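In what follows, a single structure is set out as structure tokens and then discussed.
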Amino acid sequence: MTFDRRMPSTLQSHTLTTAGLVLIGMLMSTLYCAPAANAQDSDSVPVARLFADDSPLKITIEAPLTTLVEERPDEEYLEGKISFAGDDGAIRTLDLKLRTRGKYRRAEEHCDFPPIRLNFRKKQVTDTVFAGQDKLKLVTHCRDNNFLYEQLVLREYLAYRFLNVMTSISYRVRLLEIEYIDTEGARPMTTVGFVIEDDDDVAARNGMVPIKTGDISMNDLDPAQQNLVHVFQYLIGNTDFSLYRSEPDDDCCHNSDLLTATDGAPFTPLPYDFDFAGLVNAPYAEPNPRFELMSVRVRLYRGLCKNNDLLDGTIQQFLNKKDTVLGIVDKLEQLSARSRRSVTRYLNAFYDYCEKSQSVERRFINHCVESP
Numbered sequence: 001m002t003f004d005r006r007m008p009s010t011l012q013s014h015t016l017t018t019a020g021l022v023l024i025g026m027l028m029s030t031l032y033c034a035p036a037a038n039a040q041d042s043d044s045v046p047v048a049r050l051f052a053d054d055s056p057l058k059i060t061i062e063a064p065l066t067t068l069v070e071e072r073p074d075e076e077y078l079e080g081k082i083s084f085a086g087d088d089g090a091i092r093t094l095d096l097k098l099r100t101r102g103k104y105r106r107a108e109e110h111c112d113f114p115p116i117r118l119n120f121r122k123k124q125v126t127d128t129v130f131a132g133q134d135k136l137k138l139v140t141h142c143r144d145n146n147f148l149y150e151q152l153v154l155r156e157y158l159a160y161r162f163l164n165v166m167t168s169i170s171y172r173v174r175l176l177e178i179e180y181i182d183t184e185g186a187r188p189m190t191t192v193g194f195v196i197e198d199d200d201d202v203a204a205r206n207g208m209v210p211i212k213t214g215d216i217s218m219n220d221l222d223p224a225q226q227n228l229v230h231v232f233q234y235l236i237g238n239t240d241f242s243l244y245r246s247e248p249d250d251d252c253c254h255n256s257d258l259l260t261a262t263d264g265a266p267f268t269p270l271p272y273d274f275d276f277a278g279l280v281n282a283p284y285a286e287p288n289p290r291f292e293l294m295s296v297r298v299r300l301y302r303g304l305c306k307n308n309d310l311l312d313g314t315i316q317q318f319l320n321k322k323d324t325v326l327g328i329v330d331k332l333e334q335l336s337a338r339s340r341r342s343v344t345r346y347l348n349a350f351y352d353y354c355e356k357s358q359s360v361e362r363r364f365i366n367h368c369v370e371s372p
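Per the working numbering, residue 1 is the first one in the sequence shown, and the count goes up by one each step.
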């Protein structure tokens with residue numbers, strides 16, 4: 001359920017439909033039986049069963065994968081099956097529909113294997129780990145039989161996990177160990193991937209609703225969450241996003257969805273798609289050309305100057321979670337030693353910057369943006 005509201009981007013005009021938002025929010029909160037979430041404490045937020053466990057989930061997807069890869073349908077679903085171990089250890093096999101999704105990674109010149117949207121039959125999943133799920137985005141490996149690209153999936157997965165640590169207003173993810181079986185005859189393949197929580201579910205557990213609109217102004221966003229997201233994007237070294245502008249013929253915003261509270265409060269950014277981040281360091285990734293950076297590994301702070309009074313508190317929040325963030329890296333067994341060293345060094349450089357006031361001024365305050 002996504003509320004579509006296309007109005008001028010002023011907060012006054014956004015609040016004209018508060019009554020409708022309140023009603024939707026009450027319905028969604030009732031479904032989840034959960035109060036509005038504390039954005040600073042994700043541990044207290046109830047989540048769907050699929051995303052309440054961080055252990056890798058082993059599944060098998062059986063489908064016409066040759067057609068999926070060669071034709072890359074982005075509207076018509078292909079029929080398939082998904083299998084996994086049930087609570088009793090017995091293998092469960094359910095009907096599944098799947099199609100490709102995305103833009104950059106769906107293009108054949110960029111990826112051998114496209115990202116996928118999974119479509120479940122809700123009546124079949126009620127007593128399984130997929131209970132409550134309908135359609136899920138699956139992040140895939142891009143290049144077949146390539147260890148490097150498996151590691152890239154894991155590194156992007158980590159970015160989502162880091163944001164979960166900082167705020168409940170973030171997409172939960174679940175790591176998968178996937179066996180792909182092509183019903184059209186290609187050899188089976190086993191690799192990693194991860195699924196991403198639906199925006200309706202993120203909104204519901206935070207007492208909010210998703211919203212679709214055109215470009216917005218910087219004053220339309222909640223300042224604290226706006227600031228947190230900008231520091232997070234600096235942590236992972238990502239410039240491939242906008243919290244205010246959309247791609248041509250698309251909704252706001254670029255690699256960031258929008259939620260809104262039911263009381264007509266400002267919009268809240270919900271970022272996603274981190275494969276162009278320096279943390280991931282994908283071979284195909286390039287920094288946003290408008291910033292003239294030498295590589296995606298070069299960080300650039302894009303936070304707003306008007307939020308500088310919040311910066312010390314935001315940075316301290318990240319410092320307080322340092323051990324938790326590094327612990328997530330240490331516990332990800334599928335991460336290679338080389339990837340682990342690279343990710344840890346990149347994160348520690350961020351924390352070094354944050355621990356020194358002169359560095360904060362040089363790297364954050366001196367690069368703040370007056371107007372996006």
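For each residue, glycine too, the CB sits at the ideal point set by N, CA and C.
Keep in mind that this is a model prediction, so the values were computed, not measured.
Legend entry - Expected contact under 8 Å - CB spacing of T140 and P114 to nearest Å: 7 Å
Inset, instruction - Measure the alpha-carbon distance for M208 versus E184 and round it to whole angstroms. - result: 43 Å
Inset, instruction - Buried or exposed for C33, please, with buried defined as at least 16 other CB atoms from any protein chain shown within 10 angstroms of its CB. - result: Low per-residue confidence applies at C33: pLDDT is 37, beneath 50, and the placement is therefore not dependable enough to give any value.
Legend entry - Cα-Cα separation between V22 and S246, rounded to whole angstroms: In this prediction, V22 scores a pLDDT of 38, lower than 50, which makes its location untrustworthy; no coordinate-derived value is stated.
Legend entry - The alpha helix (DSSP H) enclosing D312, as first and last residue numbers: N308 to N320
Legend entry - Backbone CA spacing between C368 and R362 [nearest angstrom]: 10 Å
Legend entry - Same chain only: Cβ atoms within 8 Å of R297, ignoring 5 sequence neighbours per side: G237, G278, N281 and Y346
Legend entry - For Y157, the nearest candidate out of R101, F130, F84 and V343 (CA to CA): V343
Inset, instruction - Take every Cβ of the stretch 131-145, pair it with every Cβ of the stretch 103-123, and state whether three or more of those distances are shorter than 8 Å. - result: yes
Inset, instruction - For the stretch 292-307 and the stretch 114-127, state whether three or more C-beta atom pairs, one from each stretch, are separated by less than 8 Å. - result: no
Legend entry - Supposed contact pair V192 and N334 - C-beta distance, whole angstroms, cut 8 Å: Correcting the residue type first, residue 334 is Gln in the shown sequence and not Asn. Going by Cβ atoms, the distance from Q334 to V192 rounds to 6 Å, so yes, they are a contact pair.
Inset, instruction - Please decide whether K97 counts as near chain B, where near means a Cβ-Cβ distance under 7 Å. - result: Annotation note: the requested chain B is absent from the structure, which comprises a single protein chain.
Legend entry - Residues near R377 in its chain [Cβ-Cβ closer than 7 Å; skip 5 each side]: Residue 377 lies beyond the stretch modelled for the chain, which goes from 1 to 372, so this question has no answer here.
Inset, instruction - Indicate the three-state DSSP secondary structure (helix, strand or coil) for E169 in the structure shown. - result: Residue identity check: residue 169 is Ile in the sequence provided, not Glu. DSSP places I169 in coil when its eight states are reduced to three.
Inset, instruction - Counting only the same chain and skipping the five closest in sequence on each side, list residues whose C-beta sits under 7 Å from that of E179. - result: T60, P188 and T190
Inset, instruction - For the alpha helix (DSSP H) containing E361, list its first residue and its last residue. - result: In this chain, the alpha helix (DSSP H) harbouring E361 covers S357 to R363.
Legend entry - Span of the alpha helix (DSSP H), counted from its first residue to its last, around V231: P223 to I236
Inset, instruction - Counting only runs of 4+ residues fully inside the stretch 125-171, write out the alpha helix (DSSP H) ranges in chain order. - result: Listed in chain order, the complete alpha helix (DSSP H) runs (minimum 4 residues) inside the stretch 125-171 are 147-166.
Legend entry - Option in D312, N206, S371 and P271 with minimal Cα separation from A376: Any property of residue 376 remains undetermined from this structure, which presents the chain solely from 1 to 372.
Inset, instruction - Return the CA-CA distance between K122 and E76, expressed in angstroms with no decimal places. - result: 19 Å
Legend entry - Span separating the alpha-carbon of A204 from that of N227: 22 Å
Legend entry - Inter-residue Cα distance where the pair is N288 and A90: 48 Å
Legend entry - CB-CB length for Y234 against I196, believed under 8 Å: That pair is no contact at about 22 Å.
Legend entry - Local conformation of K103 per DSSP, three classes: coil
Legend entry - Under the three-state DSSP convention, the category K123 falls into: coil
Legend entry - Contacts around Y353, its chain only, beta-carbon distance under 6 Å, and the 5 residues preceding and following it disregarded: S359 and R363
Legend entry - Close-in-space but distant-in-sequence residues of the same chain around D154 (CB under 6 Å, 5 per side omitted): The question names Asp, but residue 154 in the sequence shown is Leu. Within the same chain, L154 has close Cβ partners Q334 and L335.
Inset, instruction - Count the other CB atoms, across all protein chains shown, that sit within 10 Å of the CB of A37; report buried if there are 16 or more and exposed otherwise. - result: Because A37 sits at a pLDDT of 35, beneath the cut-off of 50, its placement in the model cannot be relied upon, and the point is left open.
Inset, instruction - Identify the continuous alpha helix (DSSP H) that holds V69 and give its terminal residues. - result: L65 to E71
Legend entry - Alpha-carbon spacing of D257 relative to P210, whole angstroms: Approximately 8 Å between the Cα atoms of the pair.
Legend entry - Local Cβ density within 10 Å of A285, reported as buried at 16 or more and exposed below that: That one is buried.
Legend entry - Contact under 7 Å by Cβ, P271 with V229: yes
Inset, instruction - List the DSSP bridge partners of Y284. - result: DSSP output for Y284 lists no bridge partner at all.
Legend entry - Spatial distance of I169 from D182 (CA atoms): 37 Å
Inset, instruction - On the DSSP bridge assignment, give the partners of E177 in chain order. - result: K58 and V192
Legend entry - Other residues of its chain near I150: CB distance less than 7 Å, five sequence neighbours each side excluded: Residue identity check: residue 150 is Glu in the sequence provided, not Ile. Result list for E150: H141, T191 and V192, in chain order.
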